[in-house]
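Enquirer:
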Amino acid sequence: MKLIKITRILTPIFVIFLFITTASAQNWSRYGNNSHEIGFMTGSTHFTTDYGERYLFKSNVGGNVGIGFGIIHYLTFTDYRYRWNQRTSYWADHFRLRNELSYFSADLDHFGKYVDESNVGEQADKLRAMHGKARVINIGTQLEFHFVNITDFGSRRDPDLTWSPYLSLGILGVFSNPELISEYGDGDWNADQNILYEKWAVPGAVNDDAQFIFSATAGVGTRLKIGEYSDVFIESKWQYYFSNWVDALNAKVPTTNTIPNNKYNDWNVFLHVGYIYYLN
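Going by this note's numbering, the residue at position 167 of the sequence shown is 147; the numbering climbs one at a time, nothing skipped.
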C-alpha cells in the first residue's frame, strides 16, 4: 500500500517536470538548439531537526549525519556542436535548468547537556532513549547561474577554462517517511506516549506518518572539466523544509509547564560530489 501511495505522489510530479523541460526547450530554441546532460551525485547530509541541543555543533554537523544520492538532468539553452556560429544570449551562456531525483537518510539522536550522563532523572533517561530516522525522497527543479560562459566551458573553446563555479536556487517536492524509536520501558510509544520526553509526551507532538511536503534549496558549487563530454562537480546545498515533521517531532507546550515550543522547521545541508555526461 505504501508503494502505491508513493507512486501516486511521484507520477504527477514527473509529468510536471517533463512539461517544464519541454516548454523551456521550445521557448529558448530561437537561440540555437538545446543540449542535455545527465549525471549522478552522492555525499553526506547533515540534518538540523528537533533532535539535539539547539546551536550545538554535534547536533547540527557532527552527529545527525547520513548519506544521500541522486540522479540529475540538465537542460542547457545552447548546443555545443554549433558553438562556432550559433547566436547565444546572456541567459543561454550563464543559466542551466537542473532536474533532480534524490534520496537522503540519517539516523537522529539527542546530543548535549540534557542527555549527558551527569544529568540523572526520568526525563533525561527518556530523552537518551529516543532515536529517530529521517528519510526523504526529493524531486524538483533548480536554476543554476554559472559565472563563466557555459558555451565556452562546455565546448572547450577556451582550453584554459577548466572550472565553472555556480550558484543555484530551486524548489523540491519531498516525500518524507520518518521513524521514531524509544528504548524506554516497553518501547511502544504508540500505546503510551508518556514514555517519551515530556514535551513530546503530548497528543499531537509526534507524527511518523509518511507525507508529501515542499522545500526550498540554495547551493554553491563548481564543475571541473575532465573530458570533452564529461565533468565532475562538488557542491554544498542547503535545503529548508516547509514542515517541522521531517523528524516526526513537533513539540507542543503542555499547559502545566513552561517548556518552549519548537521555533524552526527542519532543514539539512547536503555536501556531495558527482559526475556529469554531455548527451549532445
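Idealized CB from N, CA, C, for every residue including glycine.
Give the DSSP bridge partners of W71, in chain order.
Expert: Walking along the sequence shown from the start, residue 71 turns up at place 91. Answer is none; W71 lacks a bridge partner.
Enquirer: Nearest-angstrom Cα distance between N14 and I51?
Expert: By one-based count along the sequence shown, residue 14 stands at place 34. By one-based count along the sequence shown, residue 51 stands at place 71. Whole-angstrom Cα-Cα distance: 20 Å.
Enquirer: Buried or exposed: K243, going by 16 or more other Cβ atoms within 10 Å of its Cβ?
Expert: Taking the sequence shown and counting its residues from 1, the one referred to as residue 243 is at position 263. It counts as exposed.
Enquirer: Take the Cβ of D166 as the centre, count every other Cβ of all protein chains shown within 10 Å, and call the residue buried at 16 or more, exposed below.
Expert: Within the sequence shown, numbered from 1, the residue matching residue 166 stands at position 186. Exposed, since its Cβ has fewer than 16 Cβ neighbours within 10 Å.
Enquirer: Could you check the C-alpha separation between H126 and T142 for me, to the nearest Å?
Expert: Against the sequence shown, residue 126 aligns to sequence position 146. Against the sequence shown, residue 142 aligns to sequence position 162. Cα to Cα, H126 sits roughly 13 Å from T142.
Enquirer: Would you call R78 buried or exposed, if buried means 16 or more other Cβ atoms sit within 10 Å of its Cβ?
Expert: Within the sequence shown, numbered from 1, the residue matching residue 78 stands at position 98. R78 is buried by the Cβ-count criterion.
Enquirer: I'd like to know whether the C-beta atoms of Q103 and G199 end up nearer to each other than 9 Å.
Expert: For the purposes of this step, residue 103 is taken as the residue at position 123 of the sequence shown. For the purposes of this step, residue 199 is taken as the residue at position 219 of the sequence shown. Not a contact, by the Cβ cut-off of 9 Å.
Enquirer: Since I believe Y258 is in contact with E80 (beta carbons under 8 Å), could you give me their beta-carbon distance rounded to a whole number of angstroms?
Expert: Residue numbering aside, residue 80 sits at position 100 when the sequence shown is read from its first letter. Residue numbering aside, residue 258 sits at position 278 when the sequence shown is read from its first letter. That belief does not hold up - the Cβ atoms of E80 and Y258 are roughly 18 Å apart, past 8 Å.
Enquirer: If Y177 sits next to K106, beta carbons under 8 Å apart, how far is it from one beta carbon to the other, in whole angstroms?
Expert: Walking along the sequence shown from the start, residue 177 turns up at place 197. Walking along the sequence shown from the start, residue 106 turns up at place 126. Yes, Y177 and K106 are in contact; Cβ-Cβ is about 5 Å, under 8 Å.
Enquirer: Using beta-carbon positions only, say whether A228 and E159 come within less than 9 Å of one another.
Expert: As a first step, residue 228 must be located in the sequence shown, where it is residue number 248. As a first step, residue 159 must be located in the sequence shown, where it is residue number 179. Going by C-beta atoms, A228 is nearer than 9 Å to E159.
Enquirer: With burial defined as no fewer than 16 other Cβ atoms inside 10 Å of the residue's Cβ, what is the status of W8: buried or exposed?
Expert: On the sequence shown, position 28 is the one that residue 8 refers to. Any reading at W8 needs caution, since the residue's pLDDT is 49, under 50, leaving its predicted position unreliable; the model's value is listed next. Buried, by the Cβ-count rule.
Enquirer: Quick test of your reading: V253 and F213, contact by CB under 8 Å. State the CB separation rounded to the nearest angstrom.
Expert: Position 273 of the sequence shown, counted from the first residue, corresponds to residue 253. Position 233 of the sequence shown, counted from the first residue, corresponds to residue 213. Rounded, the Cβ-Cβ distance is 7 Å, consistent with contact.
Enquirer: Is there a C-beta anywhere in chain B that falls below 9 Å from the one on N79?
Expert: Judged by its chain identifiers, the structure shown contains no chain B, having just a single protein chain.
Enquirer: Answer with buried or exposed for L152, where buried requires no fewer than 16 other C-beta atoms within 10 angstroms of its C-beta.
Expert: Residue 152 sits at position 172 when you count from the first residue of the sequence shown. Buried, by the Cβ-count rule.
Enquirer: In the DSSP output, which residue or residues are listed as bridge partners for W247?
Expert: For the purposes of this step, residue 247 is identified with residue 267 of the sequence shown, where counting begins at 1. Looking at the DSSP assignment, W247 forms a beta bridge with T28 and Y220.
Enquirer: State the Cα-Cα distance for the pair V95 and L147, rounded to the nearest angstrom.
Expert: Reading the sequence shown from its first residue, position 115 is the one you call residue 95. Reading the sequence shown from its first residue, position 167 is the one you call residue 147. Cα to Cα, V95 sits roughly 39 Å from L147.
Enquirer: Would S156 and A185 qualify as a contact pair, given that the criterion is a beta-carbon distance under 9 Å?
Expert: Stepping through the sequence shown from its first residue, residue 156 is reached at position 176. Stepping through the sequence shown from its first residue, residue 185 is reached at position 205. Not in contact: S156 and A185 (Cβ atoms no closer than 9 Å).
Enquirer: Taking DSSP as the reference, what is the three-state secondary structure of N174?
Expert: As a working note, residue 174 is residue 194 in the sequence shown. The answer is helix: DSSP assigns N174 an H, G or I state.
Enquirer: Exposed or buried, what is S135 when buried is set at 16 or more other beta-carbons lying within 10 Å of its beta-carbon?
Expert: To locate residue 135, count along the sequence shown from 1; it is residue 155. Buried, because 16 or more other Cβ atoms sit within 10 Å of the Cβ of S135.
Enquirer: Is L88 buried or exposed, if buried means 16 or more other CB atoms sit within 10 Å of its CB?
Expert: As a first step, residue 88 is located in the sequence shown; it is residue number 108 there, counting from the start. The residue in question, L88, is buried, as its Cβ has 16 or more Cβ neighbours within 10 Å.
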